[in-house]
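Enquirer: Take this note's numbering: the final residue in the sequence shown is number 1062, and no numbers are missing along the way.
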Amino acid sequence: MDKPVRVAAVVVTYNRLALLRRCLAALDAQTAPLAAVWVIDNASTDGTAQAVLAMERPRIVYRNTGSNLGGAGGFAYGVREAALAGYDALWLMDDDTIPEPEALAALLNAGNLQEGRYGWLSSRALAPDGTDQPMNRQRKTPYTDLDGYEGECIPAVMASFVSLLVPTEVVRTYGLPIAEFFIWSDDWEYTRRISRDMPCYVVPGSRVLHAMQNPGIVNIAADDPSRWDRYRYFYRNDVVLYRREGLRGWLWLLAKDLWHTLQVLRDRRGHRLYRIAVIWKGFFNGVRFAPDVSYLP
């Protein structure tokens, strides 16, 4: 009889207690057993620490990072701590991820079908209206989204941290997410780092609701003005991701950033020069940006 896989969920949160409660309730409802739920709190100021510590859930392991490390820093911290605790696999998600009850079971069944020979498994992420979340659509190449979700296991090369199952041995081999990214592209870079060497899959039968507050694709030409400043991370981090793809990656970067620039010029909300500066300052900062990959001790 096969030894059961000990899985720990790693949930990164920051000032979204209401969503975190929904996420934790959904994890409690999983039909497959979870060994632990690691809540990685980026120093929330909304009472998250007190609320989580007051929960009567013995599986919860609460860790406060001490400052806002961003999503990338939170996942780097959480993956490291949970992996060192000795679980067989880590199930990564943001606090606005609400897994359906069979989500983990479907991932584990898919892993059995692959006889454990995979780098990661990714769930299908849905919007509240039941349609697919565009930001979380996995990619069959670094440049092309999946065509659809037909089949039990679909090969993919990039996925988000909205329900990603990673064996701990894979973490030991390929290291941690890049904390210096702060936000955006940390999940694409991490999953692509792994998929270069190992087969990776999307499992359509594993479904999660992604109750994100700002749905849509990542594009400064279309996003809310309150979020424009943070795009400096997106355009910088994407350079690190795509320059590893060689000449085609560089051409992709230039084409994307030129297209976003043209879209900004067409946008009537103003501040065009500021937004264009964010795009190209991010790009040139990315050319010089060389973050190290950290590994488990």
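Glycine included, C-beta positions come from ideal geometry on N, C-alpha and C.
Considering only their Cβ atoms, is the gap separating residue 957 from residue 1006 smaller than 8 Å?
Expert: yes
Enquirer: Output the distance between the C-alpha atoms of residue 793 and residue 869, rounded to the nearest integer angstrom.
Expert: Roughly 11 Å between the two C-alpha positions.
Enquirer: What first and last residue would you give for the alpha helix (DSSP H) that runs through residue 1025?
Expert: 1012-1031
Enquirer: Do three or more CB pairs link the segment 864-881 to the segment 927-938 at distances below 8 Å?
Expert: yes
Enquirer: Mind checking which residues open and close the beta strand (DSSP E) that includes residue 940?
Expert: From DSSP, residue 940 is part of no beta strand (DSSP E); its letter is neither H nor E.
Enquirer: Would DSSP call residue 919 helix, strand or coil?
Expert: strand
Enquirer: Report the partner residues of residue 801 according to the DSSP bridge assignment.
Expert: Note: residue 801 sits in a beta bridge opposite 773.
Enquirer: How is residue 991 classed by DSSP in three states: helix, strand or coil?
Expert: helix
Enquirer: With respect to the alpha helix (DSSP H) encompassing residue 835, which residues constitute its N-terminal and C-terminal limits?
Expert: 835-849
Enquirer: Please work out which residues of its chain come closer than 7 Å, Cβ to Cβ, to residue 784, disregarding the five sequence neighbours upstream and downstream, and give them in chain order.
Expert: 860, 861 and 976
Enquirer: Return helix, strand or coil for residue 860, following the three-state DSSP convention.
Expert: coil
Enquirer: Where does residue 997 fall in DSSP's three states?
Expert: helix
Enquirer: Please classify residue 956: does DSSP put it in a helix, a strand, or coil?
Expert: Here residue 956 sits in helix by DSSP.
Enquirer: Can the beta-carbon of residue 944 be found less than 8 Å from the beta-carbon of residue 1061?
Expert: no
Enquirer: Around the Cβ of residue 935, are there at least 16 other Cβ atoms within 10 angstroms (buried) or fewer (exposed)?
Expert: buried
Enquirer: Within this structure, are the beta carbons of residue 948 and residue 985 separated by less than 8 Å?
Expert: no
Enquirer: Rounded to a whole number of angstroms, what is the C-alpha to C-alpha distance between residue 801 and residue 900?
Expert: 28 Å
Enquirer: What do you get for residue 830, buried or exposed, if any count of 16 or more other CB atoms within 10 angstroms of its CB means buried?
Expert: buried
Enquirer: In the DSSP assignment, find the unbroken alpha helix (DSSP H) run with residue 813 in it and report its ends.
Expert: 813-819
Enquirer: With a 10 Å radius around its C-beta and 16 neighbouring C-beta atoms as the bar for buried, classify residue 779 as buried or exposed.
Expert: When all chains shown are included, residue 779 counts as buried.
Enquirer: Could you tell me which residues DSSP puts in a beta bridge with residue 975?
Expert: 862
Enquirer: If we count the other Cβ atoms within 10 Å of its Cβ and call it buried at 16 or more, is residue 1030 buried or exposed?
Expert: exposed
Enquirer: With distances taken between CB atoms, is the gap from residue 773 to residue 852 smaller than 8 Å?
Expert: Yes, the pair counts as a contact, with Cβ atoms nearer than the cut-off.
Enquirer: Along the chain, where does the alpha helix (DSSP H) that runs through residue 905 open and close?
Expert: According to the DSSP assignment, residue 905 belongs to no alpha helix (DSSP H) but to the beta strand (DSSP E) extending over 904-906.
Enquirer: Could you check how far apart the C-beta atoms of residue 797 and residue 873 are, in whole angstroms? I think they sit under 8 Å.
Expert: Taking a contact as a CB-CB distance under 8 Å, the pair residue 797 and residue 873 counts as one, their CB atoms being some 6 Å apart.
Enquirer: Return the bridge partner residues of residue 825 from the DSSP annotation.
Expert: 802
Enquirer: Nearest CA to the CA of residue 845: which residue from 808, 908, 987 and 776?
Expert: 776
Enquirer: Less than 6 Å between C-beta atoms, sequence neighbours within five positions excluded: which residues of the same chain meet that for residue 909?
Expert: none
Enquirer: Within the chosen definition, does the segment 1043-1059 reach the segment 988-1007 through at least 3 CB pairs nearer than 8 Å?
Expert: yes
Enquirer: Could you tell me which residues DSSP puts in a beta bridge with residue 932?
Expert: Per DSSP, 854.
Enquirer: According to DSSP, what are the bridge partners of residue 887?
Expert: 929 and 967
Enquirer: Do residue 1001 and residue 1054 have their CB atoms nearer than 8 Å?
Expert: In this structure, residue 1054 lies closer than 8 Å to residue 1001 by Cβ.
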